[in-house]
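For any residue, its number in the numbering used here is found by taking its place in the sequence shown, counting from 1, and adding 11.
Beta carbons: idealized from backbone N, C-alpha and C, even for Gly.
It should be emphasised that the depicted structure is a prediction, and the values quoted were computed from it without experimental measurement.
Written out below as structure tokens is the structure these notes cover.
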Amino acid sequence: MSGLRTLRFAFALALALAFSSGCSDDDAASAAAKSAAPRPTRAAAPEPAALAPEYHYDPTDKVDPFRSYVRRQVTFDPEGSASPLERFDLTQLAVMGIIWGLEEPRALVRDPTGKGYIVRAGTPIGKNKGRILRIEDNKVVVKETYLDHLDRATTKEVDLELYVNGRKG
12 MSGLRTLRFA FALALALAFS SGCSDDDAAS AAAKSAAPRP TRAAAPEPAA LAPEYHYDPT
72 DKVDPFRSYV RRQVTFDPEG SASPLERFDL TQLAVMGIIW GLEEPRALVR DPTGKGYIVR
132 AGTPIGKNKG RILRIEDNKV VVKETYLDHL DRATTKEVDL ELYVNGRKG
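Okay, structure coming up:
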């Protein structure tokens, strides 16, 4: 037991020496000098600069981040269409012939069921409320208006090429 007691005493003595060596008179003197040194006086606070103009968010022409990107499918009512050609998409229609000998050129357009229709400039055609702009020597140009992903009305011209011997153009 006396060996354990001696070991404890030696350990306590080592700790006391370690702690006492950390303290010195130099630190106390420098701390006193620091506290005795005159503190620089603070200059008066500068006047606040002119306030920045208040920011106002303008959401025009910006996408609504909370609006869903998934669009509802618009249902098509075939009963309400003005003509049978407005029941089909432009990709389903084929230009089978073009008539040039008249004042105003005309074209023969075939629908997927095999029925043919004589059309001229201004005739409504296609599901997207398209209208025939002009009839050229090898194609019919249709102007379609549709809604893009931002629900803006976008207009594009679609060429329906003439079928010759079962092939386009």
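> Do you know whose CA, among Asn-149, Leu-144 and Leu-173, lies nearest Thr-166's CA?
Replying inline: Leu-144
>> Threshold first: 3 residues or longer. Then list the beta strand (DSSP E) segments lying entirely within the region 100 to 172, N to C.
In response: 105 to 110, 117 to 121, 127 to 130, 141 to 146, 150 to 158 and 164 to 172
>> I'd like to know if the region 102 to 115 and the region 61 to 81 are in contact, where contact means that at least 3 CB-CB pairs between them fall below 8 Å.
In response: no
>> For a quick check, are the C-beta atoms of Asp-148 and Ile-110 less than 8 Å apart?
In response: no
> Which residue from Asp-69, Met-107 and Arg-98 puts its Cα closest to that of Val-151?
Replying inline: Met-107
>> To the nearest angstrom, how far is the alpha carbon of Ala-29 from that of Ala-21?
In response: 12 Å
> Applying the criterion that 16 or more other CB atoms from any shown protein chain within 10 Å of the CB defines a buried residue, is Leu-171 buried or exposed?
Replying inline: buried
>> Applying the 10 Å Cβ sphere with the 16-neighbour rule, what's the burial state of Gly-137?
In response: buried
>> Using only the alpha-carbon positions, how far apart do Val-175 and Ser-79 sit?
In response: 45 Å
> Looking only at C-alpha atoms, which of Leu-96, Asn-139, Phe-77 and Leu-173 sits nearest to Leu-158?
Replying inline: Asn-139
>> To the nearest angstrom, how far is the alpha carbon of Leu-24 from that of Arg-16?
In response: 12 Å
>> In whole angstroms, give me the CA-to-CA distance for Asp-122 and His-160.
In response: 29 Å
> Do the CB positions of Pro-135 and Gly-141 come within less than 8 Å of each other?
Replying inline: yes
>> Tell me the rounded alpha-carbon separation between Glu-168 and Thr-156.
In response: 9 Å
> Going by Cα to Cα distance, which pick from Leu-96, Glu-65, Pro-64 and Gly-14 is closest to Gly-133?
Replying inline: Leu-96
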